[in-house]
Amino acid sequence: MEMQGLRGGVQIDHGGPDPADLSAADRFVVEEALARGGMGMILAARDVNIRRVTAMKVLTSENPTDKQLLRFIEEAQITGQLEHPNIVPVHELGVSDSGRIYYTMKMVEGVTLLDVIKGVREHRHEIIDKYPISRLLTVFAKVCDAVAFAHSRGVIHRDLKPDNVMIGDFGEVLLMDWGLAKVVGDKAMLSGIIEEDGVSLEEAVNRIPARQSMANQRTLEGQILGTPNYMPPEQAAGKISELDKRTDIYSLGGVLYDLLCLRAPIEGANLKEMVEKINKGYIPNPNIYNPRRDSKGEIVYPDGIILHHCPENRVPEATAAVAMKAMSFDPNDRYQTVKELQEDIFKYQTGFATSAESASPLRLLTLTLKRHKRESIFICIALIIAILMTAFFIINLNGKNASLIGALEEIEKSEVEREKLIRAIAPRMVEEAEEAIQEGKWDTALRNVTSSLELRPDNPRGSFVKARCQMAFL
């Protein structure tokens, strides 16, 4: 059966040909072991026919169960049919001459996203310089592309984490390890593996040996599938039937959180402690890892970890909000599609406010100015010129006003002095009029007293002398 080109697992037929007849000895030469997981291991194998080194994945168990074989085959088939630039290409599925089933993939030379995160944590400058937050977000966007494509084909990954993201030496970004991938929705019937709701992670903790419970970031096998550090509550509860695209969106938020904070969102000394945090939805806000000043005014970095890759060594608030929304406890509160998550990351990268943050008017204005730097510079220059011209005009006007006020004050001062002079002259003119009367010079007396009264009409002595002069002419 198939639908839109996506097959599920293959039912194993034990009555088929002997695996020894499917010899691959002449085709591949195994060179070295590259990695080992809970169920499989990766080998470097040279394909002698086309002279290239491939990554060969084989089951570690010499006597795998039918279910393990079926899951391994389905992993190869699902990965092989998810043909996308950011999903590792599968070349071939086969059986070795020793009877072990294998599949080969593209060999990617590079580092994992987890290696990069550790490098930044350890203050390795060659990593810090090569992977600032802008580039890491570009890597994350490519991972989102891969997951969105898988979702469009009805497949969820279920084990998204930095260790499963390969960054090639030439810019390639590949999402690896689809061993826990699950076909969901209408396409679920195509899968040969029927998964039913099982025990919760909390119940499974007591079944895991103590030495294994400390391996926090290893993928768990069995009824509980996934990595606890990035596992959503519904997956930790063993609710297989409730897992959907939003399960991966939670884990994508965990990957984003890790590359921002250099820490996994769920951490603990053991699985029990981690389970409690998952069940309570306890995830520290990324902002608590930002540097702060202590009582002495000195800068303190939480746990001594410096976020060298972030602007001013601080997690951008917008990206912190995006990560926290993606990891909401209730799946309905998360982004409902990977595209929604990608759109918010793109908004941050292009200088717009994200839907996850509560942007104030000042924040929106700041973002607008940053997006239009050239125009903002011209506007600022124009405003500065306008302000300077206005200030010059006001200063000049104030100077003129000061001069005018000074002139008026001088005039007022002159009037005061004139009034003082008049008050001093008028009485003297009356005295001169009286002297002229004594000398019989009535005309001179009348002129003097008249002038005196013009200066000071309120002088009663002057009025009396004037009346005396006027009577003399009768």
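Here the working numbering runs 908 ahead of the position in the sequence shown, where the first position is 1.
Virtual Cβ for every residue (Gly too), placed ideally from N, Cα, C.
Just so it is clear, the structure is predicted and the values come from calculations on it, not from any experiment.
Worksheet item: How is the beta strand (DSSP E) around threonine 1258 delimited, first residue to last?
Response: Run containing threonine 1258: none; DSSP gives neither H nor E here.
Practice prompt. Express the C-alpha separation of proline 1199 and tyrosine 1158 in angstroms, rounding to a whole number.
Written response: Taking the straight line from one Cα to the other gives about 27 Å.
Worksheet item: If we call anything under 7 Å between Cβ atoms a contact, is valine 1081 one with lysine 1050?
Response: Yes, they are a contact pair.
Worksheet entry | Nearest candidate by alpha-carbon position, reference proline 1173, set Val1183, Ile1191, Phe1300 and Ala1353 | When each option's Cα is compared against that of proline 1173, the closest is Ile1191.
Worksheet item: What does a CB cutoff of less than 8 Å around valine 1223 pick up in its chain, not counting 5 residues either side in sequence?
Response: Answer for valine 1223: Leu1168, Cys1169, Pro1194, Asn1195, Tyr1197, Asn1198 and Leu1215, listed in chain order.
Worksheet item: According to the neighbour-count rule (16 or more other Cβ atoms, all chains shown, within 10 Å of its Cβ), is aspartate 1166 buried or exposed?
Response: Per the 10 Å Cβ criterion, buried.
Discussion item. Please tell me whether valine 1063 and valine 1024 are closer than 7 Å, where the distance is taken between their beta carbons.
Written reply: No.
Worksheet item: If you follow the alpha helix (DSSP H) that tyrosine 849 is part of, which residue opens it and which one closes it?
Response: Residue 849 lies beyond the range of the chain shown here (909 to 1382); nothing can be said about it.
Worksheet entry | Top-ranked residue by Cα proximity to glutamate 970, from Gly1348, Gly1314, Ile1009 and Leu1312 | For glutamate 970, the nearest C-alpha among the options comes from Ile1009.
Practice prompt. Let me know if phenylalanine 1372 comes out buried or exposed under the rule of 16 or more other beta-carbons within 10 Å of its beta-carbon.
Written response: By the neighbour-count criterion, in which 16 or more other beta carbons inside 10 Å mark a residue as buried, phenylalanine 1372 falls on the exposed side.
Worksheet item: For the putative contact between tyrosine 1011 and valine 1003, defined by C-beta atoms under 8 Å, what is the C-beta separation to the nearest angstrom?
Response: Contact flag wrong, Cβ pair sits at about 10 Å.
Worksheet item: What whole-angstrom Cβ distance do glycine 1385 and methionine 947 have, given they're in contact under 8 Å?
Response: In this structure the chain extends from 909 to 1382, so residue 1385 is not present and cannot be described.
Worksheet item: By DSSP, does histidine 1217 sit in helix, in strand, or in coil?
Response: Three-state result, histidine 1217: coil.
Discussion item. Excluding the 5 residues flanking glutamine 1257 on each side, which residues of the same chain have their C-beta closer than 7 Å to its C-beta?
Written reply: Cβ within range, chain order: Leu1045.
Discussion item. For a test of the three-state rule: what should DSSP assign to alanine 1089, helix, strand or coil?
Written reply: Residue state, collapsed to three classes: coil.
Practice prompt. Report the option in Arg1066, Lys1014 and Thr968 whose CA atom is closest to the CA atom of histidine 992.
Written response: The shortest C-alpha separation from histidine 992 is found at Lys1014.
Worksheet item: Per DSSP, what kind of secondary structure is glycine 1314 in: helix, strand or coil?
Response: It is helical.
Practice prompt. Give me whichever residues DSSP pairs with alanine 943 in a beta bridge.
Written response: Answer is Ile950, bridged to alanine 943.
Practice prompt. Spatial neighbours of aspartate 1366 within its chain, please: CB distance less than 6 Å, with the 5 preceding and 5 following residues excluded, ordered by chain position.
Written response: For aspartate 1366, where only same-chain residues beyond five positions count, there are no Cβ hits under 6 Å.
Discussion item. Is the separation between the beta-carbon of lysine 965 and that of isoleucine 950 shorter than 7 Å?
Written reply: Yes.
Worksheet item: Among Ser1311, Leu1083, Lys1069 and Arg1355, which one has its Cα closest to the Cα of asparagine 1137?
Response: Closest option to asparagine 1137, judged by alpha-carbon separation, among Ser1311, Leu1083, Lys1069 and Arg1355: Lys1069.
Discussion item. Between which two residues does the alpha helix (DSSP H) holding arginine 876 run?
Written reply: Here the chain covers residues 909 to 1382 and nothing more, so residue 876 does not appear.
Item to complete: Under 8 Å Cβ to Cβ from valine 961, same chain only, skipping five residues before and after it: list those, please.
Response: Take valine 961, set aside five residues on each side of it, and the residues of its chain with a beta-carbon closer than 8 Å to its own are Glu939, Ala952, Ala953, Arg954, Asp955 and Met1015, in chain order.
Practice prompt. Work out the CA separation of aspartate 1238 and threonine 1262 for me, nearest whole Å.
Written response: Distance between the alpha carbons of threonine 1262 and aspartate 1238 is about 20 Å.
Worksheet item: Mind checking glutamate 1362: buried by the 16 CB within 10 Å criterion, or exposed?
Response: Exposed, because fewer than 16 other Cβ atoms sit within 10 Å of the Cβ of glutamate 1362.
Fill in: Range of the contiguous beta strand (DSSP E) that encloses valine 1073
1073-1076 is the span of the beta strand (DSSP E), which, as asked, contains valine 1073.
Discussion item. What does the alpha-carbon distance come out to for the pair threonine 1358 and glycine 1370?
Written reply: Distance between the alpha carbons of threonine 1358 and glycine 1370: 8 Å.
Item to complete: Return the chain-ordered list of same chain residues with a C-beta closer than 6 Å to the C-beta of histidine 1065, the five sequence neighbours on each side being excluded.
Response: Around histidine 1065: Ala1089 and Asp1156.
Discussion item. Taking only three categories from DSSP, how would you classify glycine 853?
Written reply: Because the chain spans 909 through 1382 in this model, residue 853 falls outside it and cannot be assessed.
Worksheet entry | Whole-number beta carbon distance between alanine 1054 and threonine 995, since they are thought to touch under 8 Å | It is isoleucine, not threonine, that sits at residue 995 in the sequence shown. Right, the Cβ-Cβ distance comes to about 5 Å (below 8 Å), so this counts as a contact.
Worksheet item: Nearest-angstrom Cα distance between glutamate 1342 and tryptophan 1350?
Response: Near 9 Å, if we compare the C-alpha coordinates of tryptophan 1350 and glutamate 1342.
Practice prompt. Quick one: give me the first and last residue of the beta strand (DSSP E) that valine 1459 is part of.
Written response: Within the shown structure, residues of the chain are numbered from 909 to 1382, placing residue 1459 beyond reach of any answer.
Worksheet item: Taking just the CA atoms, how far does methionine 1297 sit from leucine 1291?
Response: Their backbone Cα atoms lie some 10 Å apart in a straight line.
Fill in: CA-to-CA distance, glutamate 1142 to glutamate 1150, given in whole angstroms
A direct Cα-Cα distance of roughly 7 Å separates glutamate 1150 from glutamate 1142.
Practice prompt. May I ask which residues mark the beginning and end of the beta strand (DSSP E) holding valine 1081?
Written response: Element bounds for valine 1081: 1081-1083.
Worksheet entry | Length of the line joining the Cα atoms of alanine 1380 and alanine 1310 | The alpha-carbon atoms of alanine 1380 and alanine 1310 are separated by roughly 56 Å.
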